[in-house]
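Enquirer: In the working numbering, the protein residues as written are -14 to 302.
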Ligand SMILES: [Zn+2]
C-alpha cells in the first residue's frame, strides 16, 4: 500500500489521470484511512485528440486535473498521472512518444501540472501505473515481485519489486516489447529496430503479419476469430504471438523470479490456443521448478492505472 505523509488527514484524495492515445480519463482516488482500499470516484473522460499536438494534449490534462481538484470535497494531496510515452523519472517530462501522439515527446507534464494547480504532481508511464495498481490492489495483491505485461497495440511492461515500481536510470525500465525475439527475426518494429517482440506479439504486429501474408486488412479480434476456426495463416500468426510472449516472460522470470505475472491488453483475449502457446513458450525456457508461476489476467480494468498513478503520487510526497 501507499506510504502516506505522517500528518495526512483522512479521507485523503488524489487527482488521478490516465492518458492514452485516444482518451484521457481523470478521477478522484479517495482513501478513508492509510490502510483502506482506494475508491475511484468522479471519473471523467475526454478525447485526447492527439493529432492536435502535444501542447493541446498537455492543456487538456491540466484543465481536467484542475477541474477535478476544484470539485473535490477536500484539497487533494496532489496529481498522479499515468501516460502513454516514456516518462523521464527525474523530471516527469515526456521523454519520448511514438507517432500516435505527435509532439507529446518533450512536454513538461509534471511541472506544467504543478504550475497550473499549485499541487504536487508525479508522473509514470501508463503501463507502470497499471502495474502499481494491479500489484497493490488487484491480481498481484500480497505479492513481493510482479511482472506486468500489457499486450495491446504495442507490448509494454513493468516490474514491481518489493511493492514498488522499478523505474531504472531514465524511467524506461520494463520496455518488454523491444526485447529481441527469435520468432521476430527480420520483422521490422515500430521503434525503427528489427526482430523485437512487439513485431510478432502486439496487436499491430499480428495485423501487419496477417496483411503481409494475405493482403487483407483485418483487426486483431477478426484474426483471432479466424484462428479459432483453424484457418491459416491466422492460426499460425496467433500461435507464434503467444509462443513469443511466453518465451519473453520466461526470460524475465529467469532474471527476476517473480511471484506472479499479470497480463492485460486486447491481445490477452486472443483465445485458448494463444494462451496454450504462451505457456508452451514459457515452459520451453524455464526450469521445471518455476513452471508453476501464476500467469494471470489483470483484475482492476480501467481503475488500475488511476489507482497506480495515485499511489505513486502519495509515495512521492
Ligand atoms: Zn522495437
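We put the beta carbon where it would ideally sit given N, CA and C, even for glycine.
Excluding the five sequence neighbours on either side, which residues of its own chain have a C-beta within less than 6 Å of the C-beta of residue 5, listed in chain order?
Expert: So the qualifying residues of the chain are 69.
Enquirer: So who's on the other strand from residue 12, going by DSSP bridges?
Expert: In DSSP, residue 12 forms a bridge with 1.
Enquirer: How is residue 36 classed by DSSP in three states: helix, strand or coil?
Expert: Note: residue 36 maps to helix in three-state DSSP.
Enquirer: Is there at least one non-hydrogen atom of ligand 1 closer than 7 Å to the beta-carbon of residue 183?
Expert: Within the cutoff, so yes.
Enquirer: I'd like to confirm something about residue 178: is its beta-carbon nearer than 7 Å to some heavy atom of ligand 1, or not?
Expert: Residue 178 Cβ: within cutoff of ligand 1.
Enquirer: Check whether the Cβ atoms of residue 0 and residue 61 lie closer than 8 Å to each other.
Expert: Yes, the pair counts as a contact, with Cβ atoms nearer than the cut-off.
Enquirer: Heavy atom of ligand 1 less than 7 Å from the Cβ of residue 141, yes or no?
Expert: Every heavy atom of ligand 1 is 7 Å or more from the Cβ of residue 141, so no.
Enquirer: For the segment 269 to 297, list the beta strand (DSSP E) runs that are entirely contained and at least 3 residues long, ordered along the chain.
Expert: List check, beta strand (DSSP E) in window: 280 to 282.
Enquirer: Could you check how far apart the C-beta atoms of residue 180 and residue 170 are, in whole angstroms? I think they sit under 8 Å.
Expert: That pair is a contact at about 5 Å.
Enquirer: Taking residue 277 as the reference, which of 155, 264, 46, 3 has the closest Cα?
Expert: Minimum Cα distance to residue 277 is reached at 264.
Enquirer: Less than 6 Å between C-beta atoms, sequence neighbours within five positions excluded: which residues of the same chain meet that for residue 71?
Expert: Same-chain partners within the cutoff: 80, 81, 157.
Enquirer: Using a 10 Å radius around the Cβ and a threshold of 16 neighbouring Cβ atoms, would you call residue 234 buried or exposed?
Expert: With 16 or more other Cβ atoms within 10 Å, it is buried.
Enquirer: Hey, residue 284 and residue 119: beta-carbon distance below 8 Å or not?
Expert: Cβ distance < 8 Å, so residue 284 and residue 119 count as in contact.
Enquirer: Expressed to the nearest angstrom, what Euclidean distance is found between the alpha-carbon atoms of residue 91 and residue 78?
Expert: Each residue's Cα considered, the two are about 6 Å apart.
Enquirer: Under a Cβ-count criterion, where at least 16 other Cβ atoms within 10 Å of its own Cβ denotes burial, should residue 155 be classed as buried or exposed?
Expert: That one is exposed.
Enquirer: State the Cα-Cα distance for the pair residue 314 and residue 66, rounded to the nearest angstrom.
Expert: This structure cannot settle anything about residue 314, because the visible part of the chain is limited to -14 through 302.
Enquirer: Heavy atom of ligand 1 less than 7 Å from the Cβ of residue 99, yes or no?
Expert: No.
Enquirer: Take residue 290 and list the residues in its own chain whose beta-carbon comes closer than 7 Å to its own, dropping the five residues that flank it on each side.
Expert: Excluding positions up to five away in sequence, the list reads 3, 67, 111, 114, 115, 118.
Enquirer: When we look at the beta-carbon of residue -8 and count the other beta-carbons within 10 Å, is it buried (16 or more) or exposed?
Expert: Its Cβ having fewer than 16 others within 10 Å, residue -8 is exposed.
Enquirer: Which same chain residues end up closer than 8 Å to residue 271 when comparing Cβ atoms and leaving out the 5 residues on each side of it in sequence?
Expert: Correct list, in chain order: 235, 238, 239, 278.
Enquirer: Go ahead and label residue 195 buried or exposed: buried means 16 or more other beta carbons lie within 10 angstroms of its beta carbon, across all protein chains shown.
Expert: By the neighbour-count rule (16 or more Cβ atoms within 10 Å), residue 195 is buried.
Enquirer: Does the separation of the CB atoms of residue 182 and residue 144 fall below 8 Å?
Expert: For residue 182 and residue 144, no; Cβs fall outside 8 Å.
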